[in-house]
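Shown next, in structure tokens, is the structure this report addresses.
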Amino acid sequence: MTWLDMVLTGYMAAFGLRLLLPSAGPFSDSPILRGLYAATEPVLRPIRRIVMRGEPRTDWSPLIAVLLLMVLRGGLSAALSGESASTGVAGSVLDATRVAIYVLSVLFLGVFFISIDTPFGYSQIGHMMYTLSSPFLAPIRLLFPGKRRGADPAPLLGIVLLGGGHGLLLFEFSAYLPDMSPLPMGQSILLSLVDLLDTLLDVLFVVILVRALVSWFNPDPSTPMFQALILYSDPILAPIQRIMPSNIGIDFSPLVAILVLLFFQSSVLPLLLRI
């Protein structure tokens, strides 16, 4: 079930991207968008023919595909574990929501880094990240408008709202899932926020480590993958490099950054759980 679960989760993420990127097509300028279209269109085309008659203004077929995959994943999980179908579907919905919250949080963190003028913020990958996040962050920016220049608080508020919403979801679902012990609502929200922060620190750890390893091979700075590494890691490494410049040709900033991240995960996050 592990490999099948990974495939279904990956397809749910791909359909979610299709919902947020309706411009993806076979003739898109970005190879990422062309690949996304090629991977998802064979499934979405029959859904449009069967479920969505006519020409609606918004293409909801990716959302329908995500819901169908949730039900399929939950049904398979229930059949293999001997649980009821409703329990399996509820667990599938919770897992899919968790993955979506993690992905959106990483996206929002990148948009925040773009607002503080991280390198490649105005590149193709930076523009795509900003476009993906706009439907979610636009209402927050209306309520909490930031400065035209400088750090944008909306992505950070979005991360907090995602963590809080996930905590509320865990609190509600704990009554239906037998493997979850019920927690008070406040503790459930705090646990979810700390877990989300821990996940973001894990992502930054991996990004900094990969950048340090890749930099030995002189990668092409025009590739979207390397630009994403710089976009996420430079706001962490640049302040350390100003304090500890590499005068002897060796850059110790990745090592220092990794140690700081590990300190936060091992010492600071456990203190937050005691609040």
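Per this note's numbering, the sequence shown starts with residue 22, numbered consecutively. Each residue gets a CB set at the ideal place from its N, CA and C atoms; glycine is no exception.
Would DSSP call residue i helix, strand or coil?
i    : result
L294 : coil
E193 : helix
E104 : coil
A45  : coil
P160 : helix
M33  : helix
A81  : Looking at the sequence provided, one finds Trp at residue 81 rather than Ala. Looking at W81 - three-state DSSP - the assignment turns out to be coil, as it is neither helix nor strand.
Y143 : coil
G246 : The identity of residue 246 in the sequence shown is Met, whereas the question assumes Gly. Here M246 sits in helix by DSSP.
L20  : In the structure displayed, the chain extends from 22 to 296; residue 20 sits before or after that span and is not available.
D116 : helix
V72  : coil
A121 : helix
I261 : helix
I137 : coil
A233 : helix
G171 : coil
L298 : Lying outside 22 to 296, the shown extent of the chain, residue 298 is not represented and no answer is given.
Between which residues of its own chain and residue i is the CB-CB distance below 8 Å, once the five residues before and five after are set aside?
i    : result
Y123 : L217, T220
P256 : F134, I137, T139
V72  : S82, I85
V277 : I261, M265
E183 : Note on identity: in this sequence residue 183 is Leu, with Glu being the wrong assignment. Here the set comprises I122, L125, S126, F129, L217.
Could you tell me how far apart the beta carbons of residue i and residue j are, in whole angstroms, since I believe they sit closer than 8 Å?
i    : j    : result
G179 : F238 : About 35 Å; that fails the 8 Å criterion.
H40  : P83  : Residue identity differs from the one stated: residue 40 is Leu in this sequence, not His. Correct: roughly 4 Å between the Cβ atoms.
D26  : R94  : 7 Å
Excluding the five sequence neighbours on either side, which residues of its own chain have a C-beta within less than 7 Å of the C-beta of residue i, listed in chain order?
i    : result
F226 : I279, L282
L290 : V215, L218, D219
V224 : V127
L191 : S209, S213
Excluding the 5 residues preceding and the 5 following residue i in the sequence, name in chain order all residues of the same chain whose CB lies nearer than 6 Å to its CB.
i    : result
R232 : L250, S254
G185 : I210
With a threshold of 7 Å, establish whether the CB of residue i neighbours any heavy atom of the ligand ZN.
i    : result
S155 : With respect to the ligand ZN, the structure offers nothing, as it holds no ligand at all.
- Would you call the stretch 137 to 152 and the stretch 106 to 125 in contact, with 3 or more CB pairs under 8 Å? no
- Between the stretch 38 to 47 and the stretch 57 to 69, are three or more C-beta pairs nearer than 8 Å? yes
- Message: Under 8 Å, with one C-beta from each stretch per pair, do the stretch 84 to 97 and the stretch 27 to 34 reach the 3-pair mark?
- Response: yes
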